[in-house]
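Since the structure comes first, as structure tokens, the remarks are kept for the end.
In our numbering, the protein residues as written are 119 to 437.
Spelled out as structure tokens, the structure:
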């Protein structure tokens, strides 16, 4: 017998675990949707900890099946984020400024309820807990003990994680989240030639709290820029987009660590022309993939970029 808790919005069937779907749950959901459609609602991420605590996954604080280990599956997730989860080029004013009185939800759950990859729009699983120890980095301190969740499609295996920005948050790797105002602060400081390591020092001195390393913060910030829908309105009638070349000190340092034997020969039909749109799309995907893999596991993305599309010094419209 399938039971449904309307207060906790959770389903239970003797043949399946709490975080797993089954045929009985699907049939029960369909039947209940026909007779009581008002009961079906999305579980808001702003739900209080007291109401949702009982519905949290009880087996482990860390999900063993997440993040996916299959590269193809991660690529599908990255492409979905690029297509459906981009931040606007202009962040709403109420999300641009930080405040000591701002409250963030304790449970961050993806909004999706149906699979966008399946033609029959298969219902997704119940939320599965990734960790209850995530932290939100802000300009005024760190918010601890945040729970992050993912959902999955039992038919195609597609995974959906929390990647919403309406709450003023940017999810980097499900364990570290950045307040949007912090991301904008880092952007502004970089534009006046302030290193990210100095930003971390400033935050620690100001708040009295130890922040993650500058490398982690930099990867989180670049992840934010990768999913932001930038607008490029300036173009010189003589030079075109300006600046024509993106220069960053890390580019030089990264290439010094590449061995010649790691670089493959270009395709035989390569004529020296570089598809810049394809290059920067691939680079953006690599940045987003950092939210699922360590830098060591994403190195194949970098090598593919270097040998196939050109090099990061290629001209492109970028901030």
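A virtual CB, placed ideally from N, CA and C, is assigned to each residue, including glycine.
When the distance is taken between beta carbons, is residue 228 closer than 8 Å to residue 305? no
Whole beta strand (DSSP E) elements within the segment 258-324, 3-residue minimum: 259-270, 277-279, 287-289, 294-297
In the DSSP assignment, find the unbroken alpha helix (DSSP H) run with residue 335 in it and report its ends. 332-344
Range of the contiguous beta strand (DSSP E) that encloses residue 235: First-last for residue 235: undefined, no H or E at that position.
DSSP state of residue 132, grouped into three classes? coil
In this structure, how does DSSP classify residue 408 when only helix, strand and coil are distinguished? coil
Which listed residue (146, 284, 149, 390) has its alpha carbon closest to that of residue 208: 284
Given that a residue counts as buried once 16 or more other Cβ atoms are within 10 Å of its Cβ, and exposed if not, what is residue 143? buried
Report the three-state DSSP secondary structure of residue 177 (helix, strand or coil). At residue 177 the pLDDT is 40, less than 50, meaning the model places this residue with poor confidence and gives no usable figure here.
The segment 184-195 / the segment 397-414 touching (three or more Cβ pairs under 8 Å): yes
First through last residue of the alpha helix (DSSP H) which encompasses residue 192: 189-202
Do you know offhand how far residue 213's Cα is from residue 338's? 18 Å
Look up residue 122 in the DSSP assignment and say whether it is helix, strand or coil. strand
Alpha carbon of residue 386 to alpha carbon of residue 186, nearest angstrom: 34 Å
Since residue 237 contacts residue 269 with CB under 8 Å, what's their CB separation in whole angstroms? About 18 Å separates the two Cβ atoms, so there is no contact after all.
Using three-state DSSP, classify residue 226 as helix, strand or coil. strand
Rounded to whole angstroms, what's the CA-CA distance from residue 254 to residue 222? Just pull it up for me. 9 Å
Do you know whose CA, among 296, 326, 331, lies nearest residue 313's CA? 331
Quickly, what does DSSP pair residue 82 with across the bridge? List them, please. Outside the shown range of the chain (119 to 437) lies residue 82, about which nothing can therefore be said.
Could you check if residue 121 is buried or exposed, using at least 16 other CB atoms within 10 Å of its CB as the buried criterion? exposed
Confirm, please, whether the CB-CB distance from residue 287 to residue 302 is below 8 Å. no
Mind checking who residue 256 pairs with in its DSSP beta bridge? 259
Apply the 10 Å Cβ neighbour rule to residue 215 and answer buried if 16 or more other Cβ atoms are within range, or exposed otherwise. exposed
For residue 308 and residue 133, the rounded distance between their alpha carbons: 54 Å
Could you say which of 131, 398, 147, 201 lies nearest to residue 240 if we only look at CA atoms? 147
Expected contact under 8 Å - CB spacing of residue 333 and residue 184 to nearest Å: In fact, because the Cβ distance is near 23 Å, the residues do not count as touching under 8 Å.
With respect to the alpha helix (DSSP H) encompassing residue 144, which residues constitute its N-terminal and C-terminal limits? 141-153
Say yes only if the C-beta of residue 198 is nearer than 7 Å to one or more non-hydrogen atoms of the ligand GDP, and no if none qualify. The model on display carries no ligand, and the ligand GDP is accordingly not part of it.
For residue 149 and residue 317, what's the separation of their Cα atoms in angstroms? 54 Å
Round the Cβ separation of residue 406 and residue 200 to the nearest angstrom and send it over; I've been treating them as touching at under 8 Å. 7 Å
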